[in-house]
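Residue numbers (the UniProt record's numbering), protein chains in the order written: chain C, 1 to 130; chain Z, 1 to 130. Yeah, the Cβ is synthetic: ideal placement off N, Cα and C, and Gly gets one too. All values derive from a computational prediction rather than experimental measurement. Structure record follows, encoded as structure tokens.
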């Protein structure tokens, strides 16, 4: 990718392919609805240093809906079991806490319940390249 | 992290905290045994552009053993359900295929069975920073 991103921005990846068991045959999938809800919620928070990037699949297909949050120098976290109808605000709240830490590790008891129960994986910060 | 890593190196994170149900009460855990097996297998492949980094927890505790592979410009993959007694060589084979792609996406049918069944999540390459 050649896009230039300021280093203090958190990237929120949202799987738009996630399908909920209750999804109707027609219309946007649960993942696409979560993406739209997050974009709308983010528009109401102009101070948030977050960019949303839709992704075709995060390979967490058994735990829809799924997001990942990443930021230079911080751990990457993947979360599943999110609800497109109600989770957008709590996801952005959680990312705000994440952005307030030097390494992305929010103390356990401060994490939203959705992040505690929904954690799928975490990956250390990328090593510094020459 | 301030370590300087050449950009063509793949980083293999290995959770050393993973505990297998069959683990004895004493002795190294399954994750630590997988780490040691990978380090030994890598020593036999001096041409491999892989560095192994032990990690205390990758938060995939329900699917031991767990690893993640990451590389600049490539997708990051997380895999679980790995067996410390037999998986080391196939993991390194799979990373060799990964390293041979521009974006880290190995065609499905070329992937080791362990990676097909064990995939936990994938995360897009980090955006380029100014």
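Here the C-alpha atom of residue 19/C lies approximately 21 Å from the C-alpha atom of residue 108/Z.
Taking a beta-carbon distance threshold of 9 Å, residue 68/Z counts as an interface residue toward chain C. In this structure, residue 50/C keeps its C-beta atom at 9 Å or more from the C-beta atom of residue 121/Z. For residue 53/Z, the enclosing beta strand (DSSP E) has its first and last residue at 50 to 55. Within chain Z, the residues 58 and 59 have their CB atoms less than 7 Å from the CB of residue 122/C, given in chain order.
Here residue 68/C is near residue 58/C, since their CB atoms are less than 9 Å apart. With a threshold of 16 other beta carbon atoms within 10 Å, residue 104/Z meets it and is buried. DSSP, reduced to helix, strand and coil, places residue 99/C within a helical segment of the structure shown. In the DSSP secondary-structure assignment, residue 12/Z is bridged to 52/Z and 69/Z. Residue 64/Z counts as buried, since at least 16 other C-beta atoms from the protein chains shown sit within 10 angstroms of its C-beta. For residue 119/Z, the neighbours in chain C by C-beta distance under 8 Å run, in chain order, 59. Close partners of residue 11/C in chain Z (Cβ separation under 7 Å): 127. In this structure the stretch 24 to 43 of chain Z does not touch the stretch 68 to 80 of chain Z; the number of beta carbon pairs closer than 8 Å is below three. DSSP places residue 30/C in the uninterrupted alpha helix (DSSP H) bounded by 30 to 43. In its chain, beyond the 5 residues on either side, 10 have a beta carbon closer than 6 Å to the beta carbon of residue 71/Z.
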